[in-house]
DNA sequence: GCCTGGACTGGAATCGTTTCCATGTCATCG
DNA sequence: CGATGACATGGAAACGATTCCAGTCCAGGC
């Protein structure tokens, strides 16, 4: 059918083909008022016939808006399930008619700085910076030249709006859920590594809930190692099970830790959830659903954070963004381990 | 320090500040010859002082190159580990000084068509279309208006270059590896669903290897169901183990299937790998490494496909791309299950 | 001393839109 | 019936770069 047009047509081609002025074509294109129906029809017909496609770069040059937002992330693939942040961000941007420029820095700060520079040169309408785990971020001053929102991280001076998971609330709720199920001795195997806010928030949430019910006992808390991938979960679970008054539930601050805890419990011949209940954290789908029994866990609101960030970036009708600091709830995903 | 400049400076501001013509500034910016060192120095100084940043949209309008490539994918998050395709693509684009516009269609064809349209309007230098599982794709004619490369899929008429995993070769090698280890009775639990080339390729590779060694027996093959997430793996493994002459190795055409097979073998009290070896497929990290023993598997070359696609798109110095059909090898990842 | 050609430079034209201003038309109102 | 707006429209200017053309300068060859 419509053969590939070799030479692009411009708004003036449309104008002369339709027998009108260039300004009129532009008015039709942008749905401006004060265009008669007959003229509009002629223009639309010409657009159709010449297979016209407007040039965004020309439009951007004139209006200053690129209809593109930049998305920078430090480690897109190290914790793969977090791609939902991108997915959510892109989906909302799409609803606003905007496209997303993505760059993955692999944690290399020089790349992040250069990426921001490149995005600025391209005149993006805004920038989202997403960390793949909850931490404090460090960004160049130039980030302030354009609206920007942070995901899963925050600036030392809080000068940029940010959205992070409510670590404290989630850990508190997880613990409460276990308590409500009748558990009194609840162990915590915490994270290791550099995700400070997550480590501290989850610990604090757990502690608060335990103390509120007079169940707190420091022996029940095992602090994580740095081995990554939750590998210390095995030894930690073993340690917990050796306690004289051993826990009837374990709250693992990460699904991967839970996977290793499962392994320990299996070896000890302890049944999940009958003898010991296990609560995870992250809703790391591939882990939670290959475990048997399926792991109950607190879900990190990745998708929602991505959505929130873009929504906030774009909904403000141009005026500077308030640097609000938002915490999103982490829903409880009930499966079989509790 | 350097205060945020409120009003952008243009190339003409630089020109007058440096006391030269606009053309000269442009020549400096683009490293053209025939600029004296002293002039160059003056211009560079002015750029520095005015904190000048060139406008890509103006540049694009004049040159026609956007320095951006489009990346469309059908289901970025359904099989999360495949984000490596994006990661690889973006990394190579970065090396070429280009940024990547990403849109996730969620399998919605209307979105894909519109995404291509939007990318064309923005004048992308090329488009990558990536499927998250190996299949035949369907794209609008307009895709031919710009250089394009397909990942993990192909067009019915093969009119676009594509890069896919070598399913046959990988399955063949996997089977050979098991045979070399001394196995004679090797079961195959194949995929279900709509990933035709993967299903057929893996079956053919297995079959060829078995036949070449005179080991082929149709009873050893279990065809997958549609339940998804490899859930049929449990029943399939059970079935295989009930064979009178039961297999000493199982080749699972997907790591998730292997996870379910593990469950069946555990229940039957069959030790992996001593009594039965298990080979996976996909190198679905989170699955393969939470299983115990760790799963040996064939890795899908996601990162490499992403890299190859962009490399091929960008390396051709402008002339139309040959529609080559490339198959990338799937490396064997040795762990503990064989 | 004149001519030639190369190096360097300034400035106009151009890319494809949007926006603003000026003009023309027509119905309405006093 | 002339003045007044509201509406419709054409066309020029502007956005910020690149590129081409023409002009200046200077060294070297005759």
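Protein chains in written order, with the working numbering: chain D, 1 to 338; chain A, 1001 to 1338.
No residue lacks a Cβ here, since even glycine has one placed at the ideal position from N, Cα and C.
Q.
Is the separation between the beta-carbon of residue 1068(A) and that of residue 1326(A) shorter than 8 Å?
A. no
Q.
If distances are taken between C-alpha atoms only, which option among 1090(A), 1193(A) and 1115(A) comes closest to residue 98(D)?
A. 1115(A)
Q.
So that I know if they touch, is there some Cβ in chain D lying closer than 8 Å to that of residue 1004(A)?
A. Confidence in residue 1004(A) is poor, its pLDDT being 40 and thus under 50, which makes the residue's placement too unreliable to answer from.
Q | Assigned secondary structure, residue 1084(A) (DSSP; H/G/I helix, E/B strand, else coil) | A | helix
Q | Min CB distance residue 1337(A) to chain D below 8 Å | A | no
(Q) So within the segment 313 to 338 of chain D, which uninterrupted beta strand (DSSP E) runs reach at least 3 residues, ignoring any that extend past its ends? (A) 325 to 328
(Q) For a quick check, are the C-beta atoms of residue 1174(A) and residue 1298(A) less than 8 Å apart? (A) yes
(Q) Out of 51(D), 322(D) and 335(D), which one is the CA nearest neighbour of residue 284(D)? (A) 335(D)
**Q.** Boundaries (first-last residue) of the beta strand (DSSP E) holding residue 73(D)
**A.** 68 to 73
Q: Spatial neighbours of residue 1270(A) within its chain, please: CB distance less than 6 Å, with the 5 preceding and 5 following residues excluded, ordered by chain position.
A: 1276
**Q.** Residues from the segment 1280 to 1300 of chain A in contact with chain D, defined by Cβ distance under 9 Å
**A.** 1284, 1285, 1286, 1287, 1289, 1290, 1291 and 1292
**Q.** Assigned secondary structure, residue 1129(A) (DSSP; H/G/I helix, E/B strand, else coil)
**A.** strand
Q. Where does residue 12(D) land, buried or exposed, given buried means 16+ other C-beta within 10 angstroms?
A. exposed
Q.
Please identify, using Cβ separations under 9 Å, the residues of the segment 43 to 56 of chain D that lie next to chain A, in order along the chain.
A. 53, 54, 55 and 56
Q.
Rounded to whole angstroms, what is the Cα-Cα separation between residue 378(D) and residue 217(D)?
A. Any question about residue 378(D) goes unanswered here, given that chain D covers just 1 to 338.
Q: Helix, strand or coil for residue 5(D), going by three-state DSSP, please let me know.
A: Low per-residue confidence applies at residue 5(D): pLDDT is 43, beneath 50, and the placement is therefore not dependable, though the value from the model is reported in the following sentence. It is coil, neither helix nor strand.
Q.
Let me check one thing: in DSSP terms, what residues is residue 149(D) bridge-paired to?
A. 128(D)
Q. Is residue 256(D) helix, strand or coil by DSSP?
A. helix
Q.
For residue 1133(A), which residues in the same chain have their Cβ closer than 6 Å to its Cβ, ignoring the five residues on either side in sequence?
A. 1195
Q.
Any beta carbon from chain A within less than 8 Å of residue 22(D)'s own beta carbon?
A. no
Q) Can you name the residues of chain D whose CB is closer than 9 Å to the CB of residue 1087(A)? A) 76, 77, 104 and 106
Q. Just how far apart, CA to CA, sit residue 959(A) and residue 125(D)?
A. There is no way to answer for residue 959(A), as the model of chain A reaches only from 1001 to 1338.
Q: Spatial neighbours of residue 1002(A) within its chain, please: CB distance less than 6 Å, with the 5 preceding and 5 following residues excluded, ordered by chain position.
A: Any reading at residue 1002(A) must be qualified, since the residue scores a pLDDT of 37, below 50, and its modelled position is unreliable; the value itself is stated next. Answer for residue 1002(A): no residue qualifies.
Q) What separation, rounded to the nearest whole angstrom, lies between the Cα atoms of residue 4(D) and residue 1188(A)? A) Confidence at residue 4(D) is low in this model, with a pLDDT of 40, below 50, so the placement of that residue is unreliable and no value is reported for it.
Q) To the nearest angstrom, how far is it from the Cα of residue 1240(A) to the Cα of residue 1220(A)? A) 7 Å
Q: Could you please give the first and the last residue of the uninterrupted beta strand (DSSP E) stretch that includes residue 1189(A)?
A: 1186 to 1189
Q: Give a yes or no on whether the C-beta atoms belonging to residue 71(D) and residue 86(D) are separated by under 8 Å.
A: yes
Q.
Beta-carbon within less than 7 Å of residue 1322(A)'s beta-carbon, same chain only, minus the 5 sequence neighbours each way: which residues are those?
A. 1161
Q: Using the Cα positions of residue 222(D) and residue 260(D), report the straight-line distance between them to the nearest angstrom.
A: 14 Å
Q: Would you mind reading off the limits of the beta strand (DSSP E) that contains residue 1271(A)?
A: First-last for residue 1271(A): undefined, no H or E at that position.
Q | Length of the line joining the Cα atoms of residue 253(D) and residue 29(D) | A | 54 Å
Q. Of the residues that make up the segment 1115 to 1134 of chain A, which ones have a beta carbon closer than 7 Å to any beta carbon in chain D?
A. 1118, 1120, 1121, 1122 and 1123
**Q.** Within-8 Å CB hit, residue 1066(A) to chain D
**A.** yes
Q: Show which residues of chain A have a CB atom less than 7 Å away from the CB atom of residue 60(D).
A: 1057
Q: Would you mind telling me which residues of chain A sit closer than 9 Å to residue 25(D), beta carbon to beta carbon, in chain order?
A: The premise fails here: residue 25(D) is roughly 16 Å from chain A at the closest Cβ pair, so nothing lies under 9 Å.
Q) How would you call residue 1057(A), buried or exposed, if buried means at least 16 neighbouring beta carbons within 10 angstroms? A) buried
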